[in-house]
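>
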Amino acid sequence: MTTTSWRRLWLVVLVGLIAVWLLLPATVVLPMSLNATSRLSIWPEERSFDLYREFFADPEWTNALIRSFRTAAIVSVLATVLGTAAALGIVRGFRRGAGIVNAVILAPIIVPVVVAAVASYLVYLRWGLVGTPLALIVAHTCLAIPYVVVTVLASLRGVNPRLESAARSLGSSPAGAVWHVTLPLIRGGVIVGAFLAFMQSFDEVVVSVFLASRRGRTLPVQMYSSLIEDIDATVAVASSVILVLSIVLVLLVGVSRLANARGQSGTP
Amino acid sequence: MPWTGRLGWKLLVLPAVAWIAVFFLFPVGSIMLRSVTEFSPPETGGLDNYRWFFDTPANVTVLSRTLWVSGYVTLLCLLLGYPYAYFMTLTRGWVRLLLLSAVIIPLTTSPLVRTYAWLGLLSDNGPVVGVLDRIGLGRPELLGNSVGVTVGMMHIAFPMMVLPLYAALLRVDRRLLRAAESLGAPPRTAFFRVYLPLSAPGILAGAVLVSVLSLGFYLTPALLGSPQQTLMAPLIVTQVRQVLAWGHGGAMAFVLFVLTLALLGIGALGSRGILRRGSAARVEDE
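Structure below.
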């Protein structure tokens, strides 16, 4: 073998190992949840759905799951509306980069999440928000807005502003032009933004640990507490539920993007 | 009609900016303000909370450990991420799709779920220890020390390195490599003198993202590490939750925030430098 092909082989092996390492955690979660013994194991010898029965029979877990869903859905709607409006404003309202606006909107992903958690705990406590569902919604929305703005901005860059002017010259109001012309064109970006906002809230742990009351825990908070307190095997089921949900959502978004791309392939 | 001008568009930014200002920036500002307004008994005022932080050897150890961990996680991610991203640009079709999915799937999986999976994978009777034992490396402890924390952190940070690298490497014209080799450069020289400098923007972007992310790690050290090896983020939580020393917590939050801004600043300056050198090279060529 020549040196080049040896080098290529070495690269293939390294890349293969990295890919296995990347995919390993996601693949072991489902088998872990089928454990029938009390020992933490990634390939249990005895398998059953007992843990699933336990999970769905325990109101602490099921309520946490429902609460996570509700919070993430509300956050997704709020962040998508606020973020899409902000992205439109940034692109159309500011001739050169909107420095301060960008800094404010990106702040939630720049500030370390622990600082955000401790800070919102301090202030929300004074406002009487800590322990209420509203605290989680308000804080998660802050964390989700940047993701919506970034994705919508990216798809807005590909839209020709003259299309809006054309609609205006044909008698459409400015709002009408945005609603009927621009928004349909950036639909893909808005959908991805809404998905990212949903996941941002659904997966959020650190801020939620501080803001949720014992009876108001979301699924990740419940998982985190049971990992810290008494590694409860039901955590494996919670992990699987979150994993399957993310996969389903990714597939849904992927399918909608594909459908979108096919629908738009006729337009230049 | 106010809605037709730029002002109308500018107003669209307002709700999101106000939301973040009230519910995010105000709290973050408040906690940092606490570092100069609230003091635990032995201290009296001024910058005593910062003096406390930098005068306590244990805190300085945690700070330097945090910087060290952030540095080597970034370096390891770069060392593994560069060949990975490079290989991705050589492939196409389903191989490239597979390699890209391997990066995206962890990104869409909750960090908590992944950390839990590592708890199972790295446990004493887990498969990783089993494999190491079979190939004759003994049965090392992988949890509760820096090994587990590094593996867990790298797994979270790796996509942030590979994605910007991959985007940058895709843009590098591979014909330049062949040109260099046809002019007599050995492949190694062609790589280091031509390919690597052209990929610098991607390296910088990835390194800044990963190092900023690694400074703030909380879940991974809390679940996979040991309390003796704590980092800045868990330490802030301890000061605030257990000691109720808001002034101390505020001072540490400020230190962490300044470090984050410094890294972002280095990134911005670096990318400007790269751009300037790039345009200078182009002028030389002409």
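Which chain is which? The protein sequence lines are A and B, in order.
According to my numbering, the first sequence is numbered sequentially starting from 136.
According to my numbering, the second sequence is numbered sequentially starting from 1072.
Glycine included, each C-beta is placed from N, C-alpha and C at the ideal position.
Can you tell me whether Asn-1196 (chain B) is helix, strand or coil according to DSSP?
Reading the second sequence from its first residue, position 125 is the one you call residue 1196 (chain B). Asn-1196 (chain B): coil per DSSP, three-state reduction.
> Quick check on Leu-157 (chain A): buried or exposed, where buried means 16 or more other Cβ atoms within 10 Å of its Cβ?
Mapped onto the first sequence, residue 157 (chain A) falls at position 22. By the neighbour-count rule (16 or more Cβ atoms within 10 Å), Leu-157 (chain A) is buried.
> Rounded to a whole number of angstroms, what is the C-alpha to C-alpha distance between Arg-350 (chain A) and Arg-202 (chain A)?
The residue labelled residue 350 (chain A) in the question sits at position 215 within the first sequence. The residue labelled residue 202 (chain A) in the question sits at position 67 within the first sequence. Distance between the alpha carbons of Arg-350 (chain A) and Arg-202 (chain A) is about 10 Å.
> Quick check on the burial criterion: 16 or more other C-beta atoms within 10 angstroms. Buried or exposed for Val-390 (chain A)?
Indexing the first sequence from 1 puts residue 390 (chain A) at position 255. Per the 10 Å Cβ criterion, exposed.
> Could you tell me whether the segment 1279-1298 of chain B touches the segment 1216-1227 of chain B, using the rule of 3 or more Cβ pairs below 8 Å?
Output reads yes: the segment 1216-1227 of chain B touches the segment 1279-1298 of chain B.
> Would you please state the rounded distance, in angstroms, between the beta carbons of Ala-1156 (chain B) and Leu-1248 (chain B)? I believe it to be under 8 Å.
By one-based count along the second sequence, residue 1156 (chain B) stands at place 85. By one-based count along the second sequence, residue 1248 (chain B) stands at place 177. Their Cβ separation, rounded to whole angstroms, is 16 Å, which puts Ala-1156 (chain B) and Leu-1248 (chain B) out of contact at 8 Å.
> Look up Asn-170 (chain A) in the DSSP assignment and give the residues it is bridged to.
To locate residue 170 (chain A), count along the first sequence from 1; it is residue 35. Answer by DSSP bridge pairing, in chain order: A:Arg-182.
> Would you give the residue range spanned by the alpha helix (DSSP H) that Ser-336 (chain A) belongs to?
Numbered from its first residue, the first sequence carries residue 336 (chain A) at position 201. Run containing Ser-336 (chain A): 322-338, per the alpha helix (DSSP H) assignment.
> Please report whether the beta-carbon of Leu-1254 (chain B) lies at a distance below 8 Å from any beta-carbon of chain A.
The count along the second sequence starts at 1 and reaches residue 1254 (chain B) at position 183. So, not an interface residue.
> Along chain B, in chain order, which residues have C-beta atoms closer than 9 Å to that of Pro-268 (chain A)?
For the purposes of this step, residue 268 (chain A) is identified with residue 133 of the first sequence, where counting begins at 1. Per Cβ cutoff of 9 Å: no residues; Pro-268 (chain A) is ~15 Å from chain B at best.
> Going by beta-carbon coordinates alone, are Ser-374 (chain A) and Val-1184 (chain B) separated by less than 8 Å?
Taking the first sequence and counting its residues from 1, the one referred to as residue 374 (chain A) is at position 239. Taking the second sequence and counting its residues from 1, the one referred to as residue 1184 (chain B) is at position 113. For Ser-374 (chain A) and Val-1184 (chain B), yes; Cβs fall inside 8 Å.
> Sort B:Ala-1333, B:Thr-1186, B:Phe-1158 and B:Ala-1276 by Cα distance to Leu-378 (chain A) and report the nearest one.
Stepping through the first sequence from its first residue, residue 378 (chain A) is reached at position 243. Of the candidates B:Ala-1333, B:Thr-1186, B:Phe-1158 and B:Ala-1276, the one whose C-alpha sits nearest the C-alpha of Leu-378 (chain A) is B:Thr-1186.
> Counting pairs of Cβ atoms below 8 Å between the segment 1333-1351 of chain B and the segment 1274-1289 of chain B, do you hit three or more?
Cβ pair count under 8 Å is three or more, so yes.
> Have a look at Leu-1240 (chain B) and Ile-240 (chain A) and give me their C-alpha separation to the nearest angstrom.
Translated into positions along the second sequence, residue 1240 (chain B) becomes position 169. Translated into positions along the first sequence, residue 240 (chain A) becomes position 105. In a straight line, the C-alpha of Leu-1240 (chain B) is about 29 Å away from that of Ile-240 (chain A).
> For His-315 (chain A), count the other beta carbons within 10 Å of its own beta carbon; 16 or more makes it buried, fewer makes it exposed. Which is it?
Looking up residue 315 (chain A) in the first sequence gives position 180. Label assigned to His-315 (chain A): exposed.
> Among residues of its own chain, excluding the 5 on either side of Pro-1272 (chain B), which ones have a beta-carbon nearer than 7 Å to its beta-carbon?
Taking the first residue of the second sequence as position 1, residue 1272 (chain B) is located at position 201. So the list reads Ala-1239, Ser-1342 and Ile-1345, once near-sequence residues are dropped.
> Does the beta-carbon distance from Thr-162 (chain A) to Ser-336 (chain A) come in below 8 Å?
Taking the first residue of the first sequence as position 1, residue 162 (chain A) is located at position 27. Taking the first residue of the first sequence as position 1, residue 336 (chain A) is located at position 201. The answer is no: Cβ separation not under 8 Å.
> Can you give me the C-alpha to C-alpha distance between Ala-1089 (chain B) and Ala-1324 (chain B), rounded to a whole angstrom?
By 1-based counting over the second sequence, the position of residue 1089 (chain B) is 18. By 1-based counting over the second sequence, the position of residue 1324 (chain B) is 253. Answer to the nearest angstrom: the Cα atoms are 23 Å apart.
> Using CA coordinates, which residue listed in B:Val-1140, B:Phe-1095, B:Phe-1094 and B:Leu-1213 is at the minimum distance from Val-1359 (chain B)?
With chain B covering 1072 to 1357 only, the question about residue 1359 (chain B) has no answer from this structure.
> How big is the Cα-Cα spacing for Arg-243 (chain A) and Pro-281 (chain A)?
Working through the first sequence from its first residue, we reach residue 243 (chain A) at position 108. Working through the first sequence from its first residue, we reach residue 281 (chain A) at position 146. Note on identity: in this sequence residue 243 (chain A) is Pro, with Arg being the wrong assignment. In a straight line, the C-alpha of Pro-243 (chain A) is about 7 Å away from that of Pro-281 (chain A).
> Do you know how far the Cα of Tyr-1266 (chain B) is from the Cα of Trp-1165 (chain B)?
Locating residue 1165 (chain B) in the second sequence gives position 94, counting from the first residue. Locating residue 1266 (chain B) in the second sequence gives position 195, counting from the first residue. For Trp-1165 (chain B) and Tyr-1266 (chain B), the distance between alpha carbons rounds to 25 Å.
> How would you list, in chain order, the residues of chain B whose beta-carbon sits under 7 Å from the beta-carbon of Pro-319 (chain A)?
The sequence position of residue 319 (chain A) within the first sequence is 184, counting from 1. Within 7 Å Cβ-Cβ: nothing; Pro-319 (chain A) doesn't reach chain B, min ~18 Å.
> Tell me where the alpha helix (DSSP H) around Gln-357 (chain A) begins and ends.
As a first step, residue 357 (chain A) must be located in the first sequence, where it is residue number 222. Gln-357 (chain A) -> alpha helix (DSSP H) spans 354-364.
> Taking one C-beta from the segment 243-257 of chain A and one from the segment 354-370 of chain A each time, how about it: are there three or more such pairs within less than 8 Å?
No: the two stretches stay apart, fewer than three of their Cβ pairs being nearer than 8 Å.
> Please report the distance separating the alpha-carbon of Gly-346 (chain A) from that of Pro-1258 (chain B).
As a position in the first sequence, residue 346 (chain A) is number 211, starting the count at 1. As a position in the second sequence, residue 1258 (chain B) is number 187, starting the count at 1. Strictly speaking, residue 346 (chain A) in this sequence is Leu, with Gly absent from that position. Approximately 56 Å, taken between the alpha carbons.
> Between which two residues does the alpha helix (DSSP H) holding Phe-1097 (chain B) run?
On the second sequence, residue 1097 (chain B) is found 26 positions in, with the first residue counted as 1. Taken as a continuous stretch (DSSP letters only), the alpha helix (DSSP H) holding Phe-1097 (chain B) covers 1097-1108.
> Could you work out which residues of chain B lie near Leu-387 (chain A), taking near to mean beta carbons separated by less than 8 Å?
Translated into positions along the first sequence, residue 387 (chain A) becomes position 252. What Leu-387 (chain A) touches in chain B: nothing, since even the nearest Cβ is about 12 Å away.
> For Arg-417 (chain A), does the count of other Cβ atoms within 10 angstroms reach 16, so buried, or fall short, so exposed?
Only positions 136 to 403 of chain A appear in this structure, which leaves residue 417 (chain A) out of reach.
> Using a threshold of 8 Å, state whether the C-beta atoms of Val-250 (chain A) and Val-1308 (chain B) are closer than that.
What you label residue 250 (chain A) is simply residue 115 of the first sequence in a count that begins at 1. What you label residue 1308 (chain B) is simply residue 237 of the second sequence in a count that begins at 1. Contact flag unset, no.
> For the segment 1105-1117 of chain B, enumerate the residues whose C-beta is nearer than 7 Å to any C-beta of chain A, in chain order.
Going along the segment 1105-1117 of chain B in chain order, one finds no residue with a Cβ nearer than 7 Å to chain A.
> Start and end of the alpha helix (DSSP H) containing Tyr-1121 (chain B)?
Numbered from 1 along the second sequence, position 50 holds the residue referred to as residue 1121 (chain B). It spans 1119-1126 - the alpha helix (DSSP H) in which Tyr-1121 (chain B) sits, taken as one unbroken run.
> Residues in its own chain within less than 7 Å of Leu-1302 (chain B) by CB, not counting five upstream and five downstream?
As a first step, residue 1302 (chain B) is located in the second sequence; it is residue number 231 there, counting from the start. The residues are Val-1133, Arg-1136, Thr-1137, Val-1140, Phe-1288 and Pro-1292.
> In terms of residue numbering, what span does the alpha helix (DSSP H) encompassing Val-1243 (chain B) cover?
Here residue 1243 (chain B) is taken as the residue at index 172 of the second sequence, counted from 1. Element bounds for Val-1243 (chain B): n/a, residue is neither H nor E.
> Hey, out of A:Val-150, A:Ile-326 and A:Asp-367, whose CA is closest to Ala-394 (chain A)'s CA?
In the first sequence, residue 394 (chain A) corresponds to position 259, counting from 1. Looking at the Cα atoms, A:Ile-326 is the closest of the given residues.
> Can a CB atom of chain A be found closer than 8 Å to the CB of Thr-1331 (chain B)?
Walking along the second sequence from the start, residue 1331 (chain B) turns up at place 260. Chain A contact via Cβ: present.
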